[in-house]
Amino acid sequence: MEEKTVESIVNEGRAYACIQCGKCTGSCPSGRECGLRTRKVIHMARLGMDIYKTEELWDCTTCYTCQERCPKDVKITDIIIELRNMAVKNSFYPTMAEVPKIIIQNLYSTGNGQPLSPEVSKIRSIIGLNKEPLDASTNKDTLKKFQKLLDGLPLMQWGETQ
Amino acid sequence: MKVGVYICHCGVNIANMVDIPKVVEAISGQTNVAVCKEYQYMCSDPGQNMIRKDIEDMGLDRVVVAACSPRMHEPTFRATVADAGMNPYCFEMANIREQCSWVHEDKEEATQKAIDLVKSSVARASLLEPLQSTEIPVTHSALVIGGGIAGIQAALDIANSGFKTYLVEKEPSIGGRMAQFDKTFPTLDCAACILTPKMVDVARHPNIDLLTYSEVEHIDGSIGNFHVQIKKKPRYVDPDLCTGCGLCAEACRLKGRISSEFDMGIGKRGAIYVPFPQAVPLLYTIDPENCLLLKHGKCGKSPKCEDICDPGAIRFDQEEEHIDIDVGAIVVATGYNEFSPVVKEEYGYGKFKNVMTGLELERIFSPSGPTGGNPIINGTEPKNIVFISCVGSRDKRIGNPYCSRVCCMYIAKQAHLLKEKIPDANITVMYTDMRAFGKGYEEFYERVQKEGIRYRRGNAAEVYEEDDLLFVRAEDTLLGEPYELPADLVVLGTGLVPSPDADSIGQMLHLSRSADKFFLEAHPKLRPVDTVIDGVFLAGAAQGPKDIPDSVAQASGAASHVVNLLVKEKIHAEPIIAEINEDACVGCKTCIVLCPYEAPLYDDEKKVVTINRAVCKGCGSCAAACPSGSIKMNHFKNEQIVAQILEVI
Amino acid sequence: MKYAFFPGCIAKNVYPGIEKATRLVSAKLGIDLVDYEYSCCPPPGVIACYDKDSWLTLGARNLSLSEKDNHDIMTICAGCYGTLHNVWHTLKQDQDKMEFVNEHLSRIDTEYKGNIRPVHFVDLLSKMRDEIKQNKEIDLDFRVAVHYGCHYLKPSDVTGENSEAPKILDEIVSLLGCESVPFKDRLTCCGAGGGVMSGEPDLSLKIIDRKLKNIEKADVDCIINICSFCHMNFDQSQKKLHAYDIPVLHLNQLLGLAFGFKHKHLGLHTNLVSTRDIVKKVKGAKRESMK
Amino acid sequence: MTEEFKPKIVGFLCNWCCYAGADMAGTSRMKYPSNIRIIRVMCSSRINTEMIIKAFQTGADAVFIGGCHFGDCHYVDGNYRTKKRIDVLKRLLSHMGIEQERLRLEWVSAAEGEKFSKTMAEFTDTITSLGPSPLREIKEEAI
Ligand SMILES: Cc1cc2nc3c(=O)[nH]c(=O)nc-3n(C[C@H](O)[C@H](O)[C@H](O)COP(=O)(O)OP(=O)(O)OC[C@H]3O[C@@H](n4cnc5c(N)ncnc54)[C@H](O)[C@@H]3O)c2cc1C
Ligand SMILES: Cc1cc2nc3c(=O)[nH]c(=O)nc-3n(C[C@H](O)[C@H](O)[C@H](O)COP(=O)(O)OP(=O)(O)OC[C@H]3O[C@@H](n4cnc5c(N)ncnc54)[C@H](O)[C@@H]3O)c2cc1C
Ligand code: SF4
Ligand code: SF4
Ligand code: SF4
Ligand code: SF4
Ligand code: SF4
Ligand code: SF4
Ligand code: SF4
Ligand code: SF4
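Chains as they are written, first to last, in the numbering used here: chain S, 884 to 1045; chain V, 32 to 680; chain F, 17 to 307; chain Z, 19 to 161.
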């Protein structure tokens, strides 16, 4: 697959068509509480500015409301996700970078971003479920295979450079 | 046989992508080619003179021009060669611009293609036969479909030139959308004051036959001679007796119970009604969908309308009429509809009662409207008003990517009118871009701003309701700040979509539509009032969103084209039609089944078919199917097409 | 009717009551659930935002598991649904991505073909209205605030839902006797997604605070959701904010109550925000329906 | 054959819709491969079986027929007849050992420049991957 660039992201997501109407920002549940200006993200991206270095990019909850309403059919949320991928590749993590790292570690060691705690395990058996759910961590071989899959994926490479 | 071949550069349009000297080299010396020249602009005077001179000097009997699309300049060059005495049907064009230099990126490939195309044209030209066009008489009358401002203007212009004009309007009155307005931007003329006199002129004009409450049912024929069937819906009122006194409407049992289309559903009417007081013709109409007698066969003891009508104009036994007319030309002026904002659910139209559309608000301003011109919305005078622009326009998601061209300005007009009526109102316009391009429009925009209307850039994201109050959310894109405004009235600047009738009218006339679904003009710049169907013209918003000045200008343009045609006694009929070799015809009637126009006629005595020249349109369908090969399709004969195939492969 | 059951990590590992409720309710409705060795979906917020291709691959691994038996996958969380459905949709259309994914899957001798499709439980329910009515034992006359979850609805060109005026959930709660109470901004995001809850907890809390305020104003008995992740956010944030006291139930737990299951079997008591009042109301309603 | 295969495509376009659509692609400068050679006819229904077979026999790798959308035909319903004729012909081609994909019928309106250019790109691709027409090989061997 071809390497993504800001330009290719802009083209694929139709950001060039943006008319700066602001319907995205006005719809954004997050921008009401913080400095995220969705419209500005799109504008900066198509100007080729280093939007992926800004922290606002990480304020988006990926709720897709903006993309849903954009009259020009700009794939706004998809673009934001691609820009985040690009930020990660270029080692521009938000201040919150530690947390995703833990989630990725959990994913690696248990197959789940949110692992089972002993407390919840107890609750499971009280309410009549298996103490431990059947999943990727149930079977050692499965987990090994899962880890082998993860090992070769780009996700783990970015994790390491951090 | 002497063929002259001329390769056009079109400035750099062709020359940049096609190696013209190479084309000339490849063509010179081909069979029958007497001369091959290149020139900068073949369609210019010197270009055309060059051809004329060569015909005269060298006795060329075939000419090929390799240039733009024949749809652009074939008529030009046909006239050129005819000037010099050559038969115009011996002229042939190779399209090396639209379908070659403009669409390809490899010069070598484009050059090769150009050579192939020119060779193919030379081969075809060598087999072309001189044809003589026949003359057909022109019916000196016109049909205008749609009685909005555009249709009215077109009808008046044609009628004033002395030609009989039929104006067909599907509603009970002419006037169209403009009749619904109180004031018009940017001059704030009273719409009725400028429109009503024109409407009356139409009704009184000796050359105009006004057919309201009527629809076109069927059209056939072609330029100069269209045959049209019109359905006149029954009004259930005798037009000769009704005095327009209105007593019946007052008396109707359903008075004030039926929502009025003209008032956009805000006002109410009875089952017998006129859409508005200045209606032309001022004839009352009974709405069969609602009238108690027509629907249930019984209206109380006796119909009140009938009881009160002194002249006895009510006619429940009136029936649909079908009228046949012949006309030489047709103007389509079917106008537009307002975009229905129901699908833009984030704005809450249909859900929140104080969210309304632009056209609905127009009726609120009208002194004859549902509130008598008072700015009362659902019982109260609004104080906080928000306008939202571009609703249903510039919107790819709902498939209306175009700008509607009038909403920026009608929003400015409506904001002004509201401010005038409610001086202490807070009025905010949330806009995407301000498009004020017409004469006096930017000035009007400034005036409205000066009056204290707040323009905030950034379009509304959504409307919500809390404790009976509306709130509009948006980003002020100039501040880069999201904000919310309370509103007791939200006006949606709804855009324009084609009249729903465009489908049926378009099909009857075989008109093309552009991607926006409005009717397609023959050329966006040079023939904006023509269609590709000869003798059919466009006026007003039927062709695309337009304000009143542009609608009127285009209507006059269409009318002048109609008159250009109608002043002619005769026009030349294309000789590109089918001919039958009666000796070869086996009388199988295949062609009769295939022809959409009933042009092939079976001769019972000779047991063969002949073609009615006046009716054949030259599609060639019959020629393609004739099992005995007896049909010759002029100008597109089998051998002419095959010669082209052989050259391009 | 047989479905591969994808509980998702929150329903398994944080709010097992949701998993339990799903199993109970499904059995009643005649839906056979089959378990597979799934990983987490993986979450769109963190994993897709870090590397979309890895996200597609891990999602495709999950899809490939029941593909062997040709069982469609049933999810009970808008997040899982969003991921799996989006992976399915993307790979169906993008040959390049499909190749990338299978290249990696081949390293563990797996292949994803794209034959089965992910569904959300609520979509099955909407086709089982009669069965729901038949199994209903108690008429629950709750006033409820429904929350759809962004990734169930959007992007609509992928999900096929009407994102501005959805109805399914409102209709299902009304089948159970509940009234879906309108409230301001009812369709806005709960603030948890996109890695914001874990990465920027303060921002996330501000977003849900606003949402809870609107719900509180509507005076409801509980919040009903179809997303375990939103469920967690609604329940935990009320504690973090030291405010509000609105019980949070997954739709499947509400169904469980209506079908007559004990609240403890549905794990209601494991919520942070007490569900005591709800339980009390159910008991009242039960007595009412016994009469 | 060491040379890169460049398919030869003959296009028959009706004057009113598809030809105008191709012109629209031109006025809008929408690029497409140069393989097609366009022959203008008034209506797609003018094209008969002999002409198409002739094109293949002469060495065309593919034939494209472009007309108006149903309901838009300048001659009422010529395009219905074209459709019927082409459907029959496709079966006939199969018998002759010519892949059906080599004959394509498409409706393009006067406004659909983009559709025309996209169709051309796609069609050229299809034919390139199909390789030279079997008839053409027979013909070349004969020479
Ligand atoms: C809210 C609003 C405010 C506006 N304000 C202004 C303004 O202030 N100034 C300005 O310049 N412009 C304004 N415009 C634009 C203006 O309305 C148009 O420019 C104008 O009406 C176009 O005229 P028309 O005759 O082309 O179409 P229409 O006014 O739509 O008339 C078309 C007519 O054709 C009839 N018709 C349709 N189909 C058929 C059929 N099949 N058979 C017979 N009859 C048919 C219709 O009934 C109608 O009477 C405004 C538009 C809107 C939406
Ligand atoms: C930079 C620029 C780019 C443009 N690009 C486009 C475009 O891409 N597309 C588009 O649609 N429009 C374009 N336009 C607009 C376009 O130029 C005008 O719409 C068009 O030229 C108007 O034509 P006209 O005949 O009215 O006026 P003109 O082109 O100005 O012609 C007027 C003629 O009258 C002659 N004349 C003037 N006074 C007298 C006199 N007293 N006696 C005799 N003759 C006289 C002049 O010499 C001239 O030949 C552009 C305009 C500009 C400035
Ligand atoms: S809604 Fe779309 S067009 Fe409008 S500013 Fe946002 S991205 Fe641009
Ligand atoms: S997807 Fe992100 S940017 Fe768009 S509205 Fe939701 S939170 Fe805002
Ligand atoms: S004849 Fe056509 S191609 Fe030549 S200059 Fe004129 S417009 Fe251009
Ligand atoms: S129908 Fe009779 S009552 Fe009614 S307006 Fe005409 S004349 Fe008057
Ligand atoms: S018959 Fe009755 S309902 Fe009909 S128009 Fe007359 S009064 Fe009205
Ligand atoms: S005229 Fe103005 S409001 Fe209307 S679509 Fe165009 S920009 Fe939008
Ligand atoms: S199809 Fe040919 S042979 Fe048959 S009737 Fe018509 S002209 Fe004669
Ligand atoms: S060419 Fe067309 S219109 Fe003329 S006779 Fe043949 S089928 Fe009829």
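Glycine is no exception: its CB is placed at the ideal position from the N, C-alpha and C atoms. Only a predicted model underlies this, so the values are computations on that prediction, with no experimental measurement involved.
The residues 394, 400 and 401, in chain order, have a CB closer than 7 Å to that of residue 294 of chain V in the same chain once the five nearest residues on each side in sequence are set aside.
Along the region 1004-1034 of chain S, none of the residues has a CB nearer than 8 Å to a CB of chain V. The alpha helix (DSSP H) runs lying completely inside the region 91-139 of chain V and spanning 4 residues or more are 101-114, given in chain order. Here DSSP, grouped into helix, strand and coil, assigns residue 75 of chain Z to helix.
Within the model, the alpha-carbon separation for residue 597 of chain V versus residue 195 of chain V is close to 10 Å. DSSP lists V:263 as the beta-bridge partner residues of residue 245 of chain V. For the 9 Å CB-CB criterion, residue 97 of chain V and residue 38 of chain V form a contact. Closest by C-alpha distance to residue 41 of chain V, out of V:408, V:594 and V:78, is V:78. In the structure shown, residue 1013 of chain S adopts coil according to DSSP, grouped into three states. For residue 127 of chain F, the closest C-alpha among the options F:134, F:117 and F:159 is that of F:117.
Collapsing the DSSP output to three states places residue 255 of chain V in coil. Distance from the CA atom of residue 203 of chain V to the CA atom of residue 458 of chain V, rounded to whole angstroms, is 36 Å. Per DSSP, residue 926 of chain S is not a residue of any beta strand (DSSP E); the alpha helix (DSSP H) it occupies stretches across 921-929. Here residue 230 of chain F has 199, 200 and 201 as same chain residues with Cβ atoms under 7 Å from its own Cβ, once five neighbours each way along the sequence are excluded.
Burial check for residue 274 of chain V: the Cβ neighbour count within 10 Å stays below 16, so the residue is exposed. Taking residue 31 of chain F as reference, the option from F:300, F:143, F:245 and F:134 with the minimal CA-CA separation is F:245. Taking 9 Å as the threshold, the shortest C-beta distance from residue 672 of chain V to chain Z falls below it. For the options Z:52, Z:35 and Z:151, the alpha carbon positioned closest to that of residue 49 of chain V is the one of Z:52. For the C-beta of residue 73 of chain F, the chain S residues within less than 8 Å are, from N- to C-terminus, 1032 and 1036.
In the displayed model, residue 36 of chain Z falls within a helix according to three-state DSSP.
In the structure shown, residue 407 of chain V falls within a coil segment according to DSSP collapsed to helix, strand and coil. Interface annotation for the region 58-69 of chain F against chain S: 58, 59, 60, 61, 62, 63, 64, 65, 66, 67, 68 and 69, criterion Cβ-Cβ distance under 9 Å.
Set against 8 Å, the gap from the CB of residue 341 of chain V to the closest heavy atom of ligand 6 is smaller. With distances taken between CA atoms, residue 46 of chain Z lies nearest to Z:133 out of Z:150, Z:133, Z:88 and Z:91.
In the three-state reduction of the DSSP assignment, residue 116 of chain F falls in the helix class. Only those residues of the region 195-220 of chain F whose C-beta falls short of 8 Å from the nearest C-beta of chain V are listed: 200 and 201. Taking a cut-off of 6 Å from the heavy atoms of ligand 7, the residues with a C-beta inside it are V:283, V:284, V:285, V:301, V:302, V:303, V:317, V:322, V:323, V:324, V:330, V:334, V:335 and V:336. In this structure, residue 238 of chain F lies away from residue 945 of chain S, with their beta-carbon atoms at least 9 Å apart.
Counting along the chain, residue 485 of chain V sits inside the beta strand (DSSP E) bounded by residues 485-488.
Bounds of any beta strand (DSSP E) do not take in residue 131 of chain Z; it lies within the alpha helix (DSSP H) bounded by 131-148. Boundaries of the alpha helix (DSSP H) harbouring residue 190 of chain F: 184-191, taken from the DSSP string. Straight across, the Cα-Cα distance linking residue 412 of chain V with residue 447 of chain V is about 16 Å. Identification of chain Z residues near residue 135 of chain V by a Cβ-Cβ cut-off of 9 Å yields 49, 50, 51 and 52, ordered along the chain.
Between the alpha carbons of residue 91 of chain Z and residue 44 of chain F lies a gap of roughly 58 Å. Around residue 921 of chain S, no beta-carbon contact reaches into chain F at under 8 Å, the shortest distance being about 12 Å.
Taking C-alpha positions only, residue 934 of chain S is separated from residue 222 of chain F by approximately 25 Å.
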